[in-house]
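Asks: Dropping the structure in here first, questions after.
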Amino acid sequence: MDLENFAPGSGRLEPRAALRSDAPSLNLNGDWRFRLSPSAGLPDDFADPGYDDSAWATLPVPSHWQLHGHGSPAYTNDLYPFPIDPPHVPNENPTGDHRRVFDLPEGWTGGRLRFEGVESFARVWLNGHELGYSTGSRLPVEFDAGPWLVPGRNVLAVRVHQWSAASYLEDQDMWWLPGIFRDVSLTRSAADVFVHASYADGRGTLSFDGPGRLAIAELGVADLAPGTEITLDAEPWTAETPRLYEAVVTLPGESVRVRVGFRTISIEDGVLLANGRPLLLKGVNRHEFHPEHGRAVPYETMRADVLLMKRHNVNAVRTSHYPPHPDFLDLCDELGLWVIDECDLETHGFGHVGWRGNPTDDPRWAEACLDRMSRTVERDKNHPSVIMWSLGNEAGVGRNLTLMADWTRQRDPSRPIHYEGDRSCADTDVYSRMYASHAEVEAIGQGVEDPLTDPELDARRRAMPFVQCEYAHAMGNGPGGLADYQELFERYPRLAGGFIWEWIDHGLAHPEFEYAYGGDYDEPVHDGNFVIDGLVFPDRTPSPGLLDLKKVFEPVRFAFDDQAQVVRVANHHGYRDLSHLTFVAVVEEEGVPVAEFPLEVPATGGEVKLPDLPGGEGERWLTVRAVLAADQPWAAAGHEVAWGQTRLSAEAGLSAEAGLSTGAGLSAGAGPSAGAGLSSGAQDGLTSGAQDGASPGSGGRGVGSGADLEFDPATGRLTRLFGIEVEGPRLELWRAPIDNDTYGGLADRWRQIGLHRLTHRVDAVETGDGLTVRARVGPAATDLGLHVVYRWTATDGGLELTVDVEPDGEWSVPLPRLGLVMALPAAFGDVTWFGRGPGEAYPDTGMAARVGRWSATVEDLQTPYVYPQENGHRADVRWAELGGPSGGLRVTGDPVFGLTARRWTTAELETARHRPDLKPGDRVHVNLDFAQHGVGTASCGPATLAQYELHARPATFRLRLTPTGAPDA
Numbered sequence: 010m011d012l013e014n015f016a017p018g019s020g021r022l023e024p025r026a027a028l029r030s031d032a033p034s035l036n037l038n039g040d041w042r043f044r045l046s047p048s049a050g051l052p053d054d055f056a057d058p059g060y061d062d063s064a065w066a067t068l069p070v071p072s073h074w075q076l077h078g079h080g081s082p083a084y085t086n087d088l089y090p091f092p093i094d095p096p097h098v099p100n101e102n103p104t105g106d107h108r109r110v111f112d113l114p115e116g117w118t119g120g121r122l123r124f125e126g127v128e129s130f131a132r133v134w135l136n137g138h139e140l141g142y143s144t145g146s147r148l149p150v151e152f153d154a155g156p157w158l159v160p161g162r163n164v165l166a167v168r169v170h171q172w173s174a175a176s177y178l179e180d181q182d183m184w185w186l187p188g189i190f191r192d193v194s195l196t197r198s199a200a201d202v203f204v205h206a207s208y209a210d211g212r213g214t215l216s217f218d219g220p221g222r223l224a225i226a227e228l229g230v231a232d233l234a235p236g237t238e239i240t241l242d243a244e245p246w247t248a249e250t251p252r253l254y255e256a257v258v259t260l261p262g263e264s265v266r267v268r269v270g271f272r273t274i275s276i277e278d279g280v281l282l283a284n285g286r287p288l289l290l291k292g293v294n295r296h297e298f299h300p301e302h303g304r305a306v307p308y309e310t311m312r313a314d315v316l317l318m319k320r321h322n323v324n325a326v327r328t329s330h331y332p333p334h335p336d337f338l339d340l341c342d343e344l345g346l347w348v349i350d351e352c353d354l355e356t357h358g359f360g361h362v363g364w365r366g367n368p369t370d371d372p373r374w375a376e377a378c379l380d381r382m383s384r385t386v387e388r389d390k391n392h393p394s395v396i397m398w399s400l401g402n403e404a405g406v407g408r409n410l411t412l413m414a415d416w417t418r419q420r421d422p423s424r425p426i427h428y429e430g431d432r433s434c435a436d437t438d439v440y441s442r443m444y445a446s447h448a449e450v451e452a453i454g455q456g457v458e459d460p461l462t463d464p465e466l467d468a469r470r471r472a473m474p475f476v477q478c479e480y481a482h483a484m485g486n487g488p489g490g491l492a493d494y495q496e497l498f499e500r501y502p503r504l505a506g507g508f509i510w511e512w513i514d515h516g517l518a519h520p521e522f523e524y525a526y527g528g529d530y531d532e533p534v535h536d537g538n539f540v541i542d543g544l545v546f547p548d549r550t551p552s553p554g555l556l557d558l559k560k561v562f563e564p565v566r567f568a569f570d571d572q573a574q575v576v577r578v579a580n581h582h583g584y585r586d587l588s589h590l591t592f593v594a595v596v597e598e599e600g601v602p603v604a605e606f607p608l609e610v611p612a613t614g615g616e617v618k619l620p621d622l623p624g625g626e627g628e629r630w631l632t633v634r635a636v637l638a639a640d641q642p643w644a645a646a647g648h649e650v651a652w653g654q655t656r657l658s659a660e661a662g663l664s665a666e667a668g669l670s671t672g673a674g675l676s677a678g679a680g681p682s683a684g685a686g687l688s689s690g691a692q693d694g695l696t697s698g699a700q701d702g703a704s705p706g707s708g709g710r711g712v713g714s715g716a717d718l719e720f721d722p723a724t725g726r727l728t729r730l731f732g733i734e735v736e737g738p739r740l741e742l743w744r745a746p747i748d749n750d751t752y753g754g755l756a757d758r759w760r761q762i763g764l765h766r767l768t769h770r771v772d773a774v775e776t777g778d779g780l781t782v783r784a785r786v787g788p789a790a791t792d793l794g795l796h797v798v799y800r801w802t803a804t805d806g807g808l809e810l811t812v813d814v815e816p817d818g819e820w821s822v823p824l825p826r827l828g829l830v831m832a833l834p835a836a837f838g839d840v841t842w843f844g845r846g847p848g849e850a851y852p853d854t855g856m857a858a859r860v861g862r863w864s865a866t867v868e869d870l871q872t873p874y875v876y877p878q879e880n881g882h883r884a885d886v887r888w889a890e891l892g893g894p895s896g897g898l899r900v901t902g903d904p905v906f907g908l909t910a911r912r913w914t915t916a917e918l919e920t921a922r923h924r925p926d927l928k929p930g931d932r933v934h935v936n937l938d939f940a941q942h943g944v945g946t947a948s949c950g951p952a953t954l955a956q957y958e959l960h961a962r963p964a965t966f967r968l969r970l971t972p973t974g975a976p977d978a
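The sequence shown begins at 10 in my numbering and counts up one residue at a time.
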């Protein structure tokens, strides 16, 4: 049976380049007749032109039938959803029969039926004649239609099977979605050309293979014969300067257009070069995905992806893990992205059985593997954006990879070959790894990585540039450690950068869950929310991770001298100067602009003297921005490319306001979220001894008076604050685990010691010069705990709270967070703060957050991760005002704190599995954090780096609470 055949197809024409031709063509997309059957053993009578399909459904093509009510999607990361017994497939094999009737234009003769992508096995009939079958889901195939076309009415019939032997070669981390998901056409074009355009020593070199004659009018090239090489003056193509020239190749019967970019990719002394200059890849991995259409991605969405990447300083894409729709590569040529073009090959699931029977090393699969590689190269060989060919992904090792690499080098020696799965790099030109730790990346950069056992292969690999083909797994809240990776990439020339995993959350639109992930369709085998791991949400809204990435990838850097008299502007573009940018500086006091002026920056960068800056009493910051001076194809004039900030005055906060000494406390490490980085020790200047005074339940005399303040007499907890019913602040250690906490195992360690179920024991409530509450906080079934002292004192117009924390026991596990939690009435729905924003930030994230004054509703403070988890933490907050129509509350830090505000509790956030599970309650729950544990990338990769961990140590932190008036009417 062909379904269990090692051969990749039959009856197919030789693969050729994707070209724009003036030959007649019919677009066969649109509504097709469709019938779904549960198994493959069906008669093929439906292919007869006279077959009655009136009872069938209608299905749009391109599409996946599960997304139109026929069956259900299924997600696995690397598990095959059927027994591993190649080449056999299950009897339960969903099979979709498709029929399309079309009228042939008068005078039409000959032609090819072209399918850009069908998953996973397609058999094709035209007017009842079987043309053949094909596999290789994300690759084009053509059949000769000429002999079977008839004037007038024609009937195209296609049978698509979900499972085939080819499914063993397509175990990528994504939804299993069969169907005709890319374009179908009938074309009379048969042309195939291969244009070679290189660049060196300031000039371009041009030739081409194939029939016909080539012309580029803009360069004065006319009637160039195949195989003839010419050198000419031309501008180079790079991702920063994507200069294209329109070539026309005239052949008998048709003309084709090819956009030519002159560029040369080379490797010298272990450094990856483009046009003779070092190439640093600031990339992302991109699956094709749309929440309503799956891998049937509309052109407008592809273009939106490229524009979004460019606007966030991304310069490269790895087409994980298959060639994309050809239109996407056209966009990369036009708008400028470096591309690693990956073959449609992955056999990851064989790793679960010790790679026994892996097709990559089985000669019976050699033809199928080579077929996939040749179709990739032939289709995409004319794209200047494509700088490497990748043999596939996570397919183990074996002889078939060697066959693929050898053929590719012979066919196209101008591009290096990439493959990550073989550490020996026997078949590749670059050394590629995924999820290597920062320490390992640094060792590779230094050339001191662990050696291979084969000295010859080891020496060969050490002479290769290094590419981190997947890193910084962007699952849920994160990824952390981006800036640390980028610093290494920029420090060591051998490191050619890498590709974040991955671009988009693969959440399918769902009427109940909003977005679905693995298991939401009751799949018996699935990998849960591991498919929700992108830099953009399913609707392509940027996540905080993408905003951070933009900052980390900035092509312009700013450094300021200590007196803020000079700013040093460094150009980190690889292939252009700064003349396309305008520079603007602004001075803000307490987040309010007080001065703005342009900066004249040389095209090469350098030192720029700043004018005299205005003084002031509040905390002042200088921000310098680099924006586009004129419209670019990918963004409008004024688009911000880069920014930098420096503080001009002392930090604001409680100490600055009251002249008090800064509280000391535990350190969560320096880094992007410096607000977590306070030192430890005891608080000076406050008395804590017991003195005479009223009982704590009598309105809190000694702290405050009247009905405005009230403390619980038994627990000392604040219950009324400035007339507001509150659930007073108490120590909080728990956070709703993020994906990195969960998949990395840290959340289990936290639960094992009970950090999610703390008990609070009050040991003493003392009154006198204020109110002092002594407590011990700890989980049951362990001797671990924290001794806590809350000291409340009255200040002019408000309350001051000092919290001393002393660990008890041998703590071996980092804390999720250290801070206070309190609850306010639901009316407190508006938040204004002076600190970092506007988005969230954690110790190893938040590079995109700058110091300023920001406002948001409580709803807008939430980051809508598809799988709910800890989110929305605003860092380095000097002060925050929470309020509503009748006034509110101001919290001031000493000097800073972290802020989250939600309409649900941490426990409710933790138990939610989809966004709609989160239901607003009648309170606003506010976390005032002293520190948080970092984010890391442990869902797939390194855990939080040591400098961003939060450990239990003595700590003191202090806040002031004051009332605010109602907003102006």
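Think of the CB as a built atom: it goes at the ideal place given N, C-alpha and C, for glycine as much as any other residue.
Between GLY360 and SER176, what straight-line distance do the alpha-carbon atoms span, to the nearest angstrom?
Replies: For the purposes of this step, residue 360 is identified with residue 351 of the sequence shown, where counting begins at 1. For the purposes of this step, residue 176 is identified with residue 167 of the sequence shown, where counting begins at 1. One C-alpha to the other measures close to 16 Å.
Asks: If I measure Cβ to Cβ from VAL450 and keep anything under 6 Å in the same chain, skipping five residues before and after, which residues do I get?
Replies: Residue 450 sits at position 441 when you count from the first residue of the sequence shown. Same-chain partners within the cutoff: LEU497.
Asks: Based on Cα-Cα distance, which residue from PRO393, PRO335, PHE152 and SER383 lies nearest to LEU346?
Replies: Taking the first residue of the sequence shown as position 1, residue 346 is located at position 337. The shortest C-alpha separation from LEU346 is found at PRO393.
Asks: Report back the beta-carbon spacing between GLU125 and HIS334 to the nearest angstrom; my notes put them in contact at under 8 Å.
Replies: What you label residue 125 is simply residue 116 of the sequence shown in a count that begins at 1. What you label residue 334 is simply residue 325 of the sequence shown in a count that begins at 1. Going by Cβ atoms, the distance from GLU125 to HIS334 rounds to 7 Å, so yes, they are a contact pair.
Asks: Is the stretch 840–849 touching the stretch 888–896 in the sense that three or more CB pairs, one from each, lie closer than 8 Å?
Replies: Yes, they touch.
Asks: Tell me the DSSP bridge mates of MET831?
Replies: Within the sequence shown, numbered from 1, the residue matching residue 831 stands at position 822. MET831 pairs with VAL935.
Asks: For GLY75, which three-state DSSP category applies?
Replies: Within the sequence shown, numbered from 1, the residue matching residue 75 stands at position 66. Note that residue 75 is Gln in the sequence shown, not Gly. Helix.
Asks: Just the Cα atoms here: how many angstroms apart are THR872 and MET484?
Replies: By one-based count along the sequence shown, residue 872 stands at place 863. By one-based count along the sequence shown, residue 484 stands at place 475. The alpha-carbon atoms of THR872 and MET484 are separated by roughly 13 Å.
Asks: State the start and end residues of the unbroken alpha helix (DSSP H) segment that holds ARG800.
Replies: Here residue 800 is taken as the residue at index 791 of the sequence shown, counted from 1. It is not in any alpha helix (DSSP H) - ARG800 instead sits in the beta strand (DSSP E) that spans 794–804.
Asks: Quick one: Cα of ARG132 to Cα of VAL70, how far?
Replies: By one-based count along the sequence shown, residue 132 stands at place 123. By one-based count along the sequence shown, residue 70 stands at place 61. Going from the Cα of ARG132 to the Cα of VAL70 covers about 16 Å.
Asks: For ASP339, which of VAL798, LEU870 and ALA248 has the nearest alpha-carbon?
Replies: For the purposes of this step, residue 339 is taken as residue 330 along the sequence shown, with counting starting at 1. Closest by alpha carbon: ALA248.
Asks: Buried or exposed: GLN181, going by 16 or more other Cβ atoms within 10 Å of its Cβ?
Replies: Taking the sequence shown and counting its residues from 1, the one referred to as residue 181 is at position 172. It counts as buried.
Asks: If you run the structure through DSSP and keep just helix, strand and coil, what is ASP765?
Replies: Position 756 of the sequence shown holds residue 765. Before going on, a small fix: residue 765 reads as His here, not Asp. In the structure shown, HIS765 sits in coil (DSSP, three-state: anything other than H, G, I, E or B).
Asks: Work out the CA separation of GLU115 and HIS73 for me, nearest whole Å.
Replies: Position 64 of the sequence shown, counted from the first residue, corresponds to residue 73. Position 106 of the sequence shown, counted from the first residue, corresponds to residue 115. Roughly 33 Å between the two C-alpha positions.
Asks: Take ASP342 as the anchor and find which of MET413, ARG268 and LEU718 has the nearest alpha-carbon.
Replies: Within the sequence shown, numbered from 1, the residue matching residue 342 stands at position 333. It is ARG268.
Asks: Rounded to a whole number of angstroms, what is the C-alpha to C-alpha distance between ALA703 and PRO823?
Replies: Here the question's residue 703 lines up with position 694 in the sequence shown. Here the question's residue 823 lines up with position 814 in the sequence shown. With a pLDDT of 32 at ALA703, under the threshold of 50, the modelled position of this residue cannot be trusted; read the value that follows with caution. Those two C-alpha atoms are separated by around 40 Å.
Asks: From what residue to what residue does the beta strand (DSSP E) around GLU741 run?
Replies: Here the question's residue 741 lines up with position 732 in the sequence shown. Note, GLU741: beta strand (DSSP E), 736–741.
Asks: Going along the chain, which unbroken runs of the alpha helix (DSSP H) with 4 or more residues stay wholly within the stretch 274–352?
Replies: Taking only runs of at least 4 residues, the alpha helix (DSSP H) segments lying wholly in the stretch 274–352 are 308–320 and 335–344.
Asks: Using the C-alpha atoms, what's the distance from PHE731 back to LEU780?
Replies: Indexing the sequence shown from 1 puts residue 780 at position 771. Indexing the sequence shown from 1 puts residue 731 at position 722. If you take the alpha carbons of LEU780 and PHE731, they lie about 16 Å apart.
Asks: Do you know offhand how far ALA445's Cα is from GLY507's?
Replies: Here residue 445 is taken as the residue at index 436 of the sequence shown, counted from 1. Here residue 507 is taken as the residue at index 498 of the sequence shown, counted from 1. Their Cα atoms are separated by approximately 11 Å.
Asks: In three-state DSSP terms, what is ARG25?
Replies: Here residue 25 refers to the residue found at position 16 of the sequence shown. Looking at ARG25 - three-state DSSP - the assignment turns out to be coil, as it is neither helix nor strand.
Asks: Using a 10 Å radius around the Cβ and a threshold of 16 neighbouring Cβ atoms, would you call PHE939 buried or exposed?
Replies: Working through the sequence shown from its first residue, we reach residue 939 at position 930. The residue is buried, with at least 16 neighbouring Cβ atoms inside 10 Å.
Asks: Which residues in the same chain have their Cβ closer than 6 Å to the Cβ of VAL258, if we skip the five residues on either side of it in sequence?
Replies: As a working mapping, residue 258 is identified with position 249 in the sequence shown. Cβ within range, chain order: VAL202, GLY221, LEU223 and VAL265.
Asks: What residue range is occupied by the uninterrupted beta strand (DSSP E) comprising TYR254?
Replies: For the purposes of this step, residue 254 is taken as the residue at position 245 of the sequence shown. Residues 254–260.
Asks: For ALA518, which beta-bridge partners are listed by DSSP?
Replies: By one-based count along the sequence shown, residue 518 stands at place 509. Partner(s): TYR524.
Asks: Which residue marks the beginning of the beta strand (DSSP E) containing MET397, and which one marks its end?
Replies: On the sequence shown, residue 397 is found 388 positions in, with the first residue counted as 1. Residues 395–399.
Asks: Just verifying my parser: in three-state terms, what is the DSSP assignment at SER664?
Replies: Looking up residue 664 in the sequence shown gives position 655. Only weak support exists for where SER664 lies, its pLDDT of 48 falling under 50; the coordinates are left without a value.
Asks: With burial defined as no fewer than 16 other Cβ atoms inside 10 Å of the residue's Cβ, what is the status of ARG286: buried or exposed?
Replies: Counted from its first residue, the sequence shown places residue 286 at position 277. Exposed is the call here.
Asks: Here's the rule: buried if 16 or more other CB atoms are within 10 angstroms of the residue's CB, otherwise exposed. What is SER670?
Replies: The residue given as residue 670 occupies position 661 in the sequence shown. Bear in mind that the predicted position of SER670 carries a pLDDT of just 26, short of 50, making it too unreliable to give a figure here.
Asks: Return the chain-ordered list of same chain residues with a C-beta closer than 6 Å to the C-beta of VAL204, the five sequence neighbours on each side being excluded.
Replies: Locating residue 204 in the sequence shown gives position 195, where the first residue counts as 1. Closer than 6 Å at the Cβ level, and outside the excluded window around VAL204, lie PHE217, VAL267, VAL269 and ASN391.
Asks: In chain order, what residues of the same chain have a beta carbon less than 6 Å from the beta carbon of GLU598, not counting five sequence neighbours either side?
Replies: Stepping through the sequence shown from its first residue, residue 598 is reached at position 589. So the list reads GLY625, GLY627 and ARG629, once near-sequence residues are dropped.
Asks: Tell whether a beta-carbon distance below 8 Å holds between ASN538 and TYR876.
Replies: Numbered from its first residue, the sequence shown carries residue 538 at position 529. Numbered from its first residue, the sequence shown carries residue 876 at position 867. In contact: ASN538 and TYR876 (Cβ atoms closer than 8 Å).
Asks: Taking the CB atoms as reference points, tell me whether TRP41 and ARG123 lie closer together than 8 Å.
Replies: Numbered from 1 along the sequence shown, position 32 holds the residue referred to as residue 41. Numbered from 1 along the sequence shown, position 114 holds the residue referred to as residue 123. No, the Cβ-Cβ distance between TRP41 and ARG123 is not below 8 Å.
Asks: Taking the C-alpha atoms as reference points, what is the distance between TYR254 and LEU228?
Replies: As a working note, residue 254 is residue 245 in the sequence shown. As a working note, residue 228 is residue 219 in the sequence shown. The straight-line gap from Cα to Cα measures roughly 8 Å.
Asks: Figure out for me which residue from SER46, PRO474 and ASP750 has the closest Cα to the Cα of ALA66.
Replies: Here residue 66 is taken as the residue at index 57 of the sequence shown, counted from 1. Residue SER46 is the option with its Cα nearest to ALA66.
Asks: Terminal residues of the continuous beta strand (DSSP E) containing ASP839?
Replies: For the purposes of this step, residue 839 is identified with residue 830 of the sequence shown, where counting begins at 1. That run of the beta strand (DSSP E) goes 839–846.
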